[in-house]
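Please read the structure below before turning to the comments.
In the working numbering, the protein residues as written are -11 to 389.
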């Protein structure tokens, strides 16, 4: 430790002496490390944003979608009610903790401007967890909402606007004009899926049955969404396909993974491109530092020769020259990492890179370690060649220099 610390102290002293020569090179390393760390940090942030959007559409990793399409009517074909019973029994038999039925329907709602048909999705409470449903006001369905006498609905912003934007605490009622007309209660408001979206609503399966909403429209059958462990996904696809096909003769049964990672990591190619760009940036900084280091060693031939004449070993000369680059790039790397953290965690940058996130992740530790480690490696590589030149200096040559 004494030898290491003394070499670092000596290197820092030499850097202070030759600061004019190496300052610009270290500034280049600082900027290179900052860009490298920023690219990795922003890439991680963008990846989180894309993953969140993907999970809102296709479910978390790994989500299985069971799609049931009724075929030609026959004596042994199951109707919609029987299909629902079979899906419920499947959830109970396999002990799925996160499973939700899904069917699409239309329902008539009474708005201040008149009655309007609304696209309705009939689901179970776990649907919100599987799809990371973002509720801007109120809350998503709870397990006991199915027992409400007044059916609960979660609506989008367009629905809420059409309903007159009532207070969800004091006046959340909206009328449902179906077979069994009822007064529904808006318990949550979620953002529109896209700017021009029309009124949409979610309702629990039991509540939809109570008001007379059932079946599907536009040829859409019943679906079952299940969030399962990733390692069991492929096996469950085969098992569920076989099981449900036997129980639903004459119907089309499709079981498949719908999450973003169903066919491997979709961000792998992006990560490779980002890594390549970052490596190129860091290489440019290393070349600049190497040039400065070589020039500095040429100017120090006499100094190195005198040290050799007083008994300095080749190892000490090599370590001292190389540590100058390592210590300098380590300090530059630390400054670059701090600059990258300030950029990536800036609220403006976060809102532009990943606008869909409601809680932004911490700055990735691997990005900071990568930036600092790259700075150390660059310093070692940029200092090794000048150090090899330095140990070849002879005392007689130094005197003649």
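All residues carry an ideal CB built from backbone N, CA and C; glycine is no exception. Every value quoted in this text rests on a predicted model; they were computed, and no experiment measured them.
For residue 155 and residue 241, the rounded distance between their alpha carbons: 43 Å
Within 8 Å, strictly: CB atoms of residue 18 and residue 323: yes
Inter-residue spacing [alpha-carbon to alpha-carbon] between residue 87 and residue 261: 37 Å
Sub-8 Å separation of residue 28 and residue 266 beta-carbons: yes
Rounded Cβ spacing between residue 110 and residue 201 (contact assumed at less than 8 Å): 7 Å
Where residue 35 falls: helix, strand or coil (DSSP): helix
Alpha-carbon spacing of residue 128 relative to residue 113, whole angstroms: 8 Å
Expected contact under 8 Å - CB spacing of residue 309 and residue 378 to nearest Å: 5 Å
DSSP three-state assignment for residue 164, whether helix, strand or coil: strand
Residue 99 - DSSP class collapsed to helix/strand/coil: strand
In chain order, each alpha helix (DSSP H) run of at least 4 residues that lies wholly inside the segment 261 to 317: 289 to 297
Which of helix, strand or coil DSSP assigns to residue 105: strand
Whole-angstrom distance between residue 101 and residue 237, CA atom to CA atom: 46 Å
Neighbour-count burial assignment, residue 22, 16 or more Cβ in a 10 Å radius: buried
For residue 380, the first and last residue of its enclosing alpha helix (DSSP H): No alpha helix (DSSP H) holds residue 380; DSSP gives it neither H nor E.
Residue nearest to residue 120 in terms of C-alpha spacing, selected from 36, 330 and 134: 36
Spatial neighbours of residue 348 in its chain, beta-carbon cut-off 6 Å, leaving aside the 5 residues before and after: 338
Uninterrupted beta strand (DSSP E) stretches inside the segment 120 to 176 (no shorter than 3 residues): 140 to 144 and 161 to 164
Option nearest residue 214 by Cα separation, candidates 190, 247 and 162: 247
Beta carbon of residue 224 nearer than 8 Å to that of residue 89: no
C-alpha gap between residue 63 and residue 239, whole angstroms: Confidence at residue 63 is low in this model, with a pLDDT of 44, below 50, so its placement is unreliable and the value that follows should be read with caution. Taking the straight line joining both Cα atoms gives about 12 Å.
Environment of residue 295 [buried if 16+ CB atoms lie within 10 Å]: buried
C-beta atoms of residue 187 and residue 106 nearer than 8 Å: yes
Limits of the alpha helix (DSSP H) - the one that residue 71 falls within: 68 to 81
Straight-line gap, residue 205 to residue 189 (C-alpha atoms, nearest Å): Here the model assigns residue 205 a pLDDT of 46, short of 50, so the residue's position is not dependable, and the following value carries that caveat. So the alpha carbons of these two residues sit roughly 15 Å apart.
Burial state of residue 220, where buried means 16 or more other Cβ atoms lie within 10 Å: exposed
Residue 277 vs residue 317 beta-carbon contact at 8 Å: yes
Contacts around residue 168, its chain only, beta-carbon distance under 7 Å, and the 5 residues preceding and following it disregarded: 198, 199 and 200
Bounding residues of the beta strand (DSSP E) (the contiguous stretch that carries residue 56): 51 to 57
Straight-line Cα distance separating residue 97 from residue 166: 9 Å
Which of helix, strand or coil DSSP assigns to residue 245: strand
Own chain, CB closer than 6 Å to residue 160, minus 5 neighbours either side, in chain order: 173 and 174
Proximity winner among 93, 99 and 142, relative to residue 115 (alpha-carbon distances): 142
Top-ranked residue by Cα proximity to residue 229, from 217, 244 and 216: 244
Cβ shell of residue 371 (< 8 Å), same chain only, five flanking positions each side left out: 281, 309, 310, 311, 312, 313 and 314
Check whether residue 34 and residue 341 have beta carbons under 8 Å apart: yes
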